[in-house]
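Residues 113 to 412 (my numbering) make up the sequence shown, in order. We treat Cβ as the ideally placed atom computed from N, Cα and C, and that holds for glycine. Note that the structure is predicted; figures quoted are calculated from it, not measured.
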Amino acid sequence: MSLWDQLVGQESAIQAVREAAAPESSSMTHAWMIVGPAGSGRSTLAHAFAATLVSTGDDEHALAHVMAGTHPDVTLVSTDRVTISIDEVRELVTQSYYSPSQSRWRVIVMEDADRMTERTSNVLLKALEEPPPQTVWILCAPSVQDVLPTIQSRVRTITLRTPSVEQVAQLIHRREGVDVELATQAAREAQSHIGMATRLATDEEARARRDETVRAVLSLDSVSSAVNQAAHLISVAGADQKALLEKLDRQEREDTLAVLGGRTRSGGPGGASEQCEGVGGEPEASRHTGPSRWGRQDCH
Numbered sequence: 113m114s115l116w117d118q119l120v121g122q123e124s125a126i127q128a129v130r131e132a133a134a135p136e137s138s139s140m141t142h143a144w145m146i147v148g149p150a151g152s153g154r155s156t157l158a159h160a161f162a163a164t165l166v167s168t169g170d171d172e173h174a175l176a177h178v179m180a181g182t183h184p185d186v187t188l189v190s191t192d193r194v195t196i197s198i199d200e201v202r203e204l205v206t207q208s209y210y211s212p213s214q215s216r217w218r219v220i221v222m223e224d225a226d227r228m229t230e231r232t233s234n235v236l237l238k239a240l241e242e243p244p245p246q247t248v249w250i251l252c253a254p255s256v257q258d259v260l261p262t263i264q265s266r267v268r269t270i271t272l273r274t275p276s277v278e279q280v281a282q283l284i285h286r287r288e289g290v291d292v293e294l295a296t297q298a299a300r301e302a303q304s305h306i307g308m309a310t311r312l313a314t315d316e317e318a319r320a321r322r323d324e325t326v327r328a329v330l331s332l333d334s335v336s337s338a339v340n341q342a343a344h345l346i347s348v349a350g351a352d353q354k355a356l357l358e359k360l361d362r363q364e365r366e367d368t369l370a371v372l373g374g375r376t377r378s379g380g381p382g383g384a385s386e387q388c389e390g391v392g393g394e395p396e397a398s399r400h401t402g403p404s405r406w407g408r409q410d411c412h
């Protein structure tokens with residue numbers, strides 16, 4: 113299954129970026145912003161778009177390197193901090209002026225563009241106002257309102273929508289081999305968030321933690337019980353986060369080994385790219401332990 117196939121219910125968005133990525137396309141521009149609700153596939157579309165732009169004929173090979181963070185002409189940036197620092201954006205701007213080494217474009221994907229302060233955004237704005245001809249910026253954010261109006265006016269916006277429960281369930285069924293009934297239940301409980309639904313459908317322990325959380329909330333009947341359950345819920349959330357990070361670390365190692373070994377993991381080139389978020393609905397930490405990621409992405 114290709115990365116494009118994992119973007120369910122986003123046909124118009126896929127068509128727009130594929131047409132733009134075509135050689136000599138009149139719709140191509142130097143800056144894009146992909147917006148949509150959590151779990152709709154912002155990161156997935158950004159990665160697929162980036163891989164298409166730098167592909168020199170072997171899309172699967174390019175995509176595998178992009179997903180593993182080893183393509184020399186693609187920079188993937190995400191953060192698990194509250195904000196992206198101004199120094200990080202300055203470094204990105206500097207990189208944007210480098211010529212691509214293998215392909216036509218140098219692509220910079222910033223997954224958390226909504227986490228820039230106004231001062232940091234103004235550093236990026238200067239690069240968007242005077243863009244190098246060989247560089248394409250792809251920004252991701254929940255909505256256009258999450259970035260400065262001056263940046264909004266300098267990007268082409270692609271809007272994703274929340275896929276239906278049925279679409280998410282069918283995707284999980286095809287990709288993971290999960291029973292349709294279980295996949296549908298997981299998609300409904302995750303409110304069509306693809307990454308969260310995938311975890312619930314494929315991880316029995318994640319389902320147990322989710323059920324435990326629901327039971328704890330429904331059992332609240334006094335202030336004292338709320339205080340007691342709060343500590344318990346924090347413990348459950350911590351266990352869930354630890355389990356997810358261990359899984360993402362394994363996937364990152366597999367992606368890197370797959371590229372070094374000239375092969376890809378099952379689920380398509382570069383492996384399945386989940387739209388990730390915690391079972392409790394809050395964004396999970398990114399696929400790394402440091403403050404920001406150069407070359408491997410968080411999932412949104």
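Residue i burial status per 10 Å Cβ neighbour count (16 or more: buried)
i: Gln-118; result: buried
i: Thr-195; result: exposed
i: Gly-312; result: For the record, residue 312 in the displayed sequence is Leu; it is not Gly. Answer is buried; the Cβ neighbour count reaches 16.
i: Asp-361; result: exposed
i: Arg-227; result: buried
i: Thr-314; result: buried
i: Arg-365; result: exposed
i: Leu-251; result: buried
i: Ala-320; result: exposed
i: Ala-174; result: buried
i: Ala-343; result: exposed
7 Å Cβ cutoff met for residue i and residue j
i: Met-140; j: Ala-132; result: yes
i: Val-147; j: Ala-318; result: no
i: Ser-155; j: Glu-223; result: yes
i: Thr-269; j: Val-248; result: no
i: Tyr-209; j: Pro-244; result: yes
i: Pro-280; j: Ala-309; result: Looking at the sequence provided, one finds Val at residue 280 rather than Pro. Yes, the pair counts as a contact, with Cβ atoms nearer than the cut-off.
i: Val-221; j: Ala-162; result: yes
i: Ala-338; j: Leu-345; result: no
i: Leu-283; j: Val-120; result: yes
Cutoff 6 Å; reference residue i; Cβ partners in own chain excluding five residues on either side
i: His-285; result: Val-292 and Ala-295
i: Thr-164; result: Ala-133
i: Ser-378; result: With a pLDDT of 38 at Ser-378, under the threshold of 50, the modelled position of that residue is not reliable, and no figure is offered here.
i: Arg-300; result: Val-277
i: Glu-288; result: Thr-314
8 Å Cβ shell around residue i - same chain, five flanking residues per side excluded
i: Leu-237; result: Leu-260, Thr-262, Ile-263 and Arg-266
i: Arg-231; result: Ile-198
i: Val-235; result: Ile-198, Val-201, Arg-202 and Val-205
Beta-bridge pairing of residue i - partner residues as DSSP gives them
i: Val-147; result: Ala-253 and Thr-271
i: Arg-218; result: Thr-247
i: Ile-196; result: Met-228
i: Val-186; result: Val-219
7 Å CB neighbourhood of residue i in its chain, flanking five on each side removed
i: Thr-274; result: Pro-149, Ser-152 and Ser-304
i: Val-329; result: none
i: Ala-351; result: Arg-321
i: Val-219; result: Ala-162, Leu-165, Val-166, Asp-185, Val-186, Val-248 and Ile-250
i: Ser-137; result: Glu-131
Cβ-Cβ separation, residue j to residue i (assumed contact under 8 Å), whole Å
i: Trp-217; j: Val-166; result: 6 Å
i: Thr-168; j: Ser-215; result: 6 Å
i: Gln-122; j: Leu-157; result: 7 Å
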